[in-house]
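Beneath this line is the structure, given in structure tokens, with notes to follow.
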Amino acid sequence: MTDYTQVLFKNRRPGETASLETYEKTGGYEGLRIALQKTPGEICAQVKYSGLRGRGGAGFPTGVKWSFFPADQPGEKYLVCNGDEMEPGTYKDRQLLLADPHQLIEGMVIAAYALQAPVGYIFLRYAYEDCSQVIERAIAEAEAAGYLGKDILGSGFSCELHLHRSAGRYILGEETALINGLEGRRPNPRSKPPFPAQRGLFGRPTNVNNIETLANVPHIMRNGNAWYQQLSAPESSPGTKLFGLSGHFNRTECFELPLGVTLREVVQEYGGGLRNGKRFKACLPGGASSPYMTAEHLDVAMDFNALEEIGSRLGTAGVTAFDEDTCMVAVTRNINRFFARESCGWCTPCRDGLQTISWLLDKIENGQGTEDDLTMLHDQVRNINGRSFCALAEGAMGPVEALLRLFEDEIKEHIRKGKCPFG
Amino acid sequence: MSELLPQQQIDKLKAHAAEIEHPHEMIVDVLREIQAHHGWVPDAGVVLTAEILGITPVEVEEIATFYDKIFRQPVGKRVVHICDSICCWSTGGEEIADHLQQTLGIGFGETTADGLFTLLPTCCLGACGDAPAMMIGLTTYGPLTATKVDEILAKERAELAKTTSGKD
Amino acid sequence: MPKLIIDNREVTVPEGTNVLEAAQALDIVIPHFCYHEALGAVGSCRLCAMNFLEGPVEGLQMACMIKAEDGMVVSTVDEEAVELRSHVIEWAMTNHPHDCPVCDEGGECQLQDMTVAGGHSRRRFHGPKQTYINQELGPFIQQEKNRCITCYRCIRTYRDYCGGTDFGTFGSRNRICFGRFQDGRLESPFSGNLVDACPTGVFTNKVFRFKSRVWDLQEAPSICPHCSLGCSTIPGGRYRELQRVKPGINRETNGFFICDRGRFGYDHVNHPERPRQARLDGQQATVDAALTAAAQRVRQMVEQHGPDSVAFVGSARTSLEAGALLAEWAKRTGSPHLLFETHRERDRAARILVDRLGDRACSLAELQQSDLLLLIGTDLIAEGPMAALAVRQAVRAGAQVVVIDPRPIDLPCSCTHLPVGPERLPVFLDTLVTRKTEALTDAERNPLQALLEQLDAAKTPALLGGADLLGSRGISRLLDAAVALDNNERPVRVVGLLGGANSYGGALLTRSPRDFDTLVDDIQEGAIKALVCLESDPYRECFDPARAQAALGRLELLVSFDCTPNLAAQRADIFLPSRPVAEMAGSFINNEGRLQAFEQVIEPGISIRETSSGDHPPREFSLETPGALPRPAWQMLAQVLDLPGDLPAIRQQIATADERFDALTSLTADETGPRITDPVVLPDTAPDELPQCVPGETLPLLPVQGFAGSDWLAHLSAPLQPLEGEPTIWLHCDLAVRLGLAEQDQARLTTPLGHCHVTVRTSARMADNLVLVPHLWGTALEGLVPGGRHIDCRLEKEVNL
């Protein structure tokens, strides 16, 4: 394993959460001090030129998103942290919070200042009760130390953060559904435009960023863009990234690696190869919505652009590996059932289309599939992809489309044999 | 546990709702508090939430029925959520689920005869590195083996016995 | 005005039109569920896919979500779009039960139409279907959740458009359903719109359920007779029974919806006690004989006692045609006594409004565009429910609403309500006219000042007032206020809520400056000896029934034309059975002066249900249809006047005689209708009896309209009975405490007219020291007419022994 620079995980100790003291000792809240010396516009510009891209899955340039935000507009504006980490195979935000939560607090205060949105919400999924306690403590510590609250560090800038504990449902990770959820409305996604930056929470300008994204901001402030960009090789994907390994790896841990490491390095060096010495068959490179990569992709660089070029997505960089004995129909069936179950029910293709795919995959996996079912699977994917109201169903099509593209023979074998060839 | 919420807590929530501009935003919070205290949210809990927030029960029910972690039907003292998403599935989650059903003697959606445990499947718990995983109440456990499951259930049982006897 | 090309055809559409609507403008109808002209587009069903080939948007898009723009080139027949539409239908159908043979939506199932249009014909999904437990939603709506395709139209109609608060969306993913939190009657007075909004059979009309297959119904465009707004309806009948009413589309008035009173108030047509037989001096007679006798006796009366001895009174439910012929009859006799409303204040208010409304007239469509609405002395839910919906749409677009009214007004939208006593209304109106606030109390001054400022700043303000509470003086002052509040940039619009469907038309036809109360004086003194009542009941509907009833006994001749079992019909010397709106063609003029025609839906007759206990065919045989004698009032009056009895000829005659009604000759029931404004014969100045109630030692009682059952026709409709309920009164909670009464107490209400047992309801949102009472039909207090003479009362708790 290469000794890569640890930024987000530099204070990570097994079973421990870094205290404010530890955080401060390692440069914590220096980024905030620096930021408060600058104008909000300067911070936005710096984040933009740092090249930081959103860590929630879409990889959209954070600074560009911030540049759409009407920071000058009078009245209430909100900053929302998306902590609804619910895509299967994704657990990096939890690891980050449990390791060193003040990064998020500091990042949010800087973002709140840069966007002139002094009220922040941290939206946290139901299952992360451990994180919620960590965040509450961090908020209290930051308030006591003057990093949060009124007149932060004597700058005149005030900022308050609220923690919202959710009650389940993956759709809340979609930013407009999350906003509805915060408001206490049914969490269906909203029509865009208007984008949250124009009309978001309570009808006011709102900026939504992922936990890991916001946690990067203090480090960029403190160390500068040049430092940030040298952390990784690909120009398009600067910085480090938390890779959460799961599935059939020998080591299923979360690692902070520079963007652009190869899949091979992830699989062999960090995952330690596959269990029981099995061969690598495929993986989800970035959560359950990212199209599969196979052994032929082992030398692809794990960055936003490179993965798009091979028809996949870096997503959340939650890498789930499958060994040679894994039935990819069964894998896809499991994943699709998740998306069908987590559909909010707003639009027809997602609500009823995913259910139809679940039924088809069940049928095929159980050995009752026909050639017609394969044809139907193709036409379902074709008509769901890009046709749904939000990105959920499109994400759901990632693995199904990849199954048809990369493993159609396996499907046919199910149909031909009238049973799952993997037993 | 027959009481939905202690009066003191109701008063506190009402006071907070009166202070804020958008009491709707507290719907999930209030439902979770009722659930934490009462175990689940009966119709009366929906009505109480509406009353606390000064909104209609239907507005609360729309939210309560959307989220899978708000229980609108009776559950046992501990809800066992066994993850059935891909990482847990690929690491033996199904076997753990079978084991749980056998050990507890119930199927998914059922509650043990002693009223202690309800077993529910859940989507990914964000414990993929510790797969297979489950969550009991709000505590996540993993990686699980059959033996570990037995130990955890025994521990939960012991804790439940303690709180029950303590109350009596 | 963007110009675009759809399927190789060019179309220019107004700014803001979406591409689905643009295609419809070319008669290209693309299947859709979530889009609805009144509800707008939300993009949830994903059905209306089109391919955008060129222009600012490209690729496959949901046409309802894309605003038409210049340079767009769109294909609706594109292969991808067609394929997607068939898939969306297939998905929508995955959980839909195949219960079409027994489904009451059959024949008007939009889902079926869209399935065929979408090209889905073979079921491929054979997985389990989602099923649900239905709710009991009260007397109007039947729910069958399993049929739901989750198009969200119901919630958008019931809650977003109509403002209902007891209906929601429950669950998630493909387990979503719509309904109430718990079983119970849907509370919105617009609940029936769920039936039309739902594209399939989830919400059906419980009253109509299984009565007829819809293709067997006789239907025709009609006008609702239940208030003065003139909403378009499409009643449907079969086997001589009127079985349902659904909304017609008139974009100027009701749009696409109607209220539950309009939808379920039709049953007066089928009322078992409806008089269907002509009578002459207490004996059955033929219609012809009774008509001849009526003509003769009126003539004899005039010959013996002069033209002043005969009076002619129509009503707000008299068609314009019948009214015009009644006027002609009066003219031929030389009688100066012709009125169309026996309720003095409603009559006078209507005439003043009609005289002065002019360009201030405001349709419901225009009302939706208002940015500030002042509702003074009107409870729209009772007096013009669809106007309340129009107000709601204005509020959704950002308008402010101020209500000044003693009642606990329940608008389906937010408003600022000043619950002042009825005696304060004239003071408020004066203040709006003069801007002098001396007469106001300290508590009243600030809100009124603020209101005046809001009115000055408003770009499209509208004043709404009701004839019942404002009376003629109030309506007059309302119009004065509009004049005073006009400025160079805009006029102030006025909406007056009048007594009934043709109050406006009646006012146009009225020839006498006198009102019915002064005619009662003449009857009492014996100067008027004969009264011809055209669908009018002076015994129970006038301003002061007690006084009228005493006088009416002195009449030597009472002639009544009617289709309802009212007192005039029962006591008439000569009775002629007329037809309700659904059984004839005719026209009404609504409260904004809109002339609208209606067509005949069914022939009169006692329904098979009654003649054969519901079996078919009937077991009794006769050459004549039972109960089929009633004729349109205009036809009978034409016979009296020896005019041709067909409607086109009568309309031609009316238009020739009175050019204001020119449009009648070419009017059809499917048009929005022209507006008629004209000065009319104004009433004499009346003794100033308003304000109606004076707070003090006594307890003033204010009769008001309720949502159901205040209008006579609605009261006669069985489906509305559950809403009319037991006699109820409303009190301010503070007054209730002072009287030792509590919510739901039983009390004895005593007035000079008699007493009645009532249920007490209390509200903090109404004027103090006042008892509100809806029309108590069938009780000793049925003479308490909304908008009628002021009266004091006593209220005592009844103790159950």
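Chains as they are written, first to last, in my numbering: chain A, 1 to 423; chain B, 1001 to 1168; chain C, 2001 to 2801. Just so it is clear, CB atoms sit at the ideal spot from N, CA and C, and this is done for glycine as well. Small disclaimer: the values here were computed from a predicted structure and weren't measured.
For residue j and residue i, the rounded distance between their alpha carbons
{"i": "Pro-205/A", "j": "Leu-115/A", "result": "10 Å"}
{"i": "Ile-364/A", "j": "Lys-419/A", "result": "8 Å"}
{"i": "Pro-1143/B", "j": "Ala-1131/B", "result": "5 Å"}
{"i": "Leu-2534/C", "j": "Ile-1063/B", "result": "56 Å"}
{"i": "Glu-1019/B", "j": "Val-1030/B", "result": "15 Å"}
{"i": "Asn-2477/C", "j": "Gly-2043/C", "result": "Here residue 2477/C turns out to be Arg, not Asn, going by the sequence shown. If you take the alpha carbons of Arg-2477/C and Gly-2043/C, they lie about 48 Å apart."}
{"i": "Gly-2119/C", "j": "Val-2402/C", "result": "51 Å"}
{"i": "Lys-1167/B", "j": "Val-1149/B", "result": "The predicted model places Lys-1167/B with a pLDDT of 46, which falls under 50 and marks its position as unreliable; any figure quoted below should be read in that light. C-alpha separation (whole angstroms): 27 Å."}
{"i": "Glu-424/A", "j": "Ser-358/A", "result": "No statement about residue 424/A is possible, as the shown extent of chain A runs from 1 to 423 and does not include it."}
{"i": "Glu-2423/C", "j": "Pro-2727/C", "result": "25 Å"}
{"i": "Pro-2745/C", "j": "Val-2737/C", "result": "According to the sequence displayed, residue 2745/C carries Asp and not Pro. About 12 Å."}
{"i": "Phe-2257/C", "j": "Pro-2247/C", "result": "6 Å"}
{"i": "Pro-2691/C", "j": "Phe-2140/C", "result": "With a pLDDT of only 45 at Pro-2691/C, under 50, the local geometry of the prediction cannot be trusted, and the value read off the model is given with reservation. The alpha-carbon atoms of Pro-2691/C and Phe-2140/C are separated by roughly 39 Å."}
Host beta strand (DSSP E) of residue i (start-end)
{"i": "Ser-246/A", "result": "240-247"}
{"i": "Cys-1083/B", "result": "1078-1083"}
{"i": "Met-328/A", "result": "It is not in any beta strand (DSSP E) - Met-328/A instead sits in the alpha helix (DSSP H) that spans 328-342."}
{"i": "Ser-232/A", "result": "Ser-232/A -> no beta strand (DSSP E), and no H or E assigned at all."}
{"i": "Cys-2533/C", "result": "2530-2534"}
{"i": "Leu-1005/B", "result": "No beta strand (DSSP E) holds Leu-1005/B; DSSP gives it neither H nor E."}
{"i": "Lys-77/A", "result": "Run containing Lys-77/A: none; DSSP gives neither H nor E here."}
Proximity test, Cβ basis, 8 Å: residue i and chain B
{"i": "Leu-245/A", "result": "yes"}
{"i": "Ser-2319/C", "result": "no"}
{"i": "Gln-2692/C", "result": "In this predicted model, Gln-2692/C has a pLDDT of only 49, less than 50, meaning its place in the structure is not dependable enough to derive any value."}
{"i": "Thr-320/A", "result": "yes"}
Beta carbon proximity, residue i to chain A, threshold 8 Å
{"i": "Glu-1019/B", "result": "no"}
{"i": "Lys-1069/B", "result": "yes"}
{"i": "His-1024/B", "result": "yes"}
{"i": "Ile-1086/B", "result": "yes"}
Cβ of residue i within 8 Å of any chain C Cβ
{"i": "Trp-359/A", "result": "yes"}
{"i": "Glu-1065/B", "result": "Residue 1065/B is actually Thr in this sequence, not Glu. Output row for Thr-1065/B: interface = yes."}
{"i": "Met-302/A", "result": "no"}
{"i": "Met-376/A", "result": "yes"}
{"i": "Pro-1057/B", "result": "yes"}
{"i": "Glu-1061/B", "result": "yes"}
8 Å Cβ cut-off: residues of chain E touching residue i
{"i": "His-1037/B", "result": "Among the protein chains in the structure shown, which are A, B and C, there is no chain E."}
Enclosing alpha helix (DSSP H) for residue i [first to last residue]
{"i": "Val-2758/C", "result": "Per DSSP, Val-2758/C belongs to no alpha helix (DSSP H); it is in the beta strand (DSSP E), 2754-2763."}
{"i": "Met-1134/B", "result": "Careful: Met-1134/B lies outside any alpha helix (DSSP H), inside the beta strand (DSSP E) at 1134-1136."}
{"i": "Trp-2712/C", "result": "2712-2715"}
{"i": "Arg-1032/B", "result": "1027-1038"}
Closer than 8 Å, Cβ to any Cβ of chain A: which residues of the stretch 2337-2352 of chain C, in chain order? For the stretch 2337-2352 of chain C, which is checked against every Cβ of chain A, not one residue is closer than 8 Å.
Select from the stretch 340-356 of chain A all residues with a C-beta closer than 9 Å to any C-beta belonging to chain C, and list them in chain order. For the stretch 340-356 of chain A, which is checked against every Cβ of chain C, the residues closer than 9 Å are Ala-340, Arg-341, Glu-342, Ser-343, Cys-344, Gly-345, Trp-346, Cys-347, Thr-348, Pro-349, Cys-350, Arg-351, Asp-352, Gly-353, Leu-354, Gln-355 and Thr-356.
Just by C-beta distance, which residues in the stretch 163-193 of chain A are closer than 9 Å to chain C? If the cut-off is 9 Å between Cβ atoms, the stretch 163-193 of chain A has Arg-169, Ile-171, Arg-186, Pro-187, Asn-188 and Ser-191 near chain C.
Inter-stretch contact (C-beta, 8 Å, three-pair minimum) for the stretch 317-335 of chain A and the stretch 275-294 of chain A: Touching, yes, given that three or more Cβ pairs across the two stretches are closer than 8 Å.
Please list the residues of the stretch 2150-2175 of chain C that have a C-beta atom closer than 8 Å to any C-beta atom in chain B, keeping them in chain order. Within the stretch 2150-2175 of chain C, the qualifying residues are Thr-2165, Asp-2166, Phe-2167, Gly-2168, Thr-2169, Phe-2170, Gly-2171 and Ser-2172.
The stretch 269-288 of chain A: which residues have C-beta closer than 8 Å to a C-beta of chain B, in chain order? Against chain B - using a Cβ distance shorter than 8 Å - the residues of the stretch 269-288 of chain A are Leu-284 and Ala-288.
Which of the residues in the stretch 2174-2193 of chain C, read from start to end, lie with their CB under 8 Å from any CB of chain B? Going along the stretch 2174-2193 of chain C in chain order, one finds Arg-2180, Phe-2181 and Gln-2182 with a Cβ nearer than 8 Å to chain B.
Would you say the stretch 2356-2375 of chain C touches the stretch 2488-2505 of chain C, given that touching needs at least three Cβ pairs under 8 Å? Output reads yes: the stretch 2488-2505 of chain C touches the stretch 2356-2375 of chain C.
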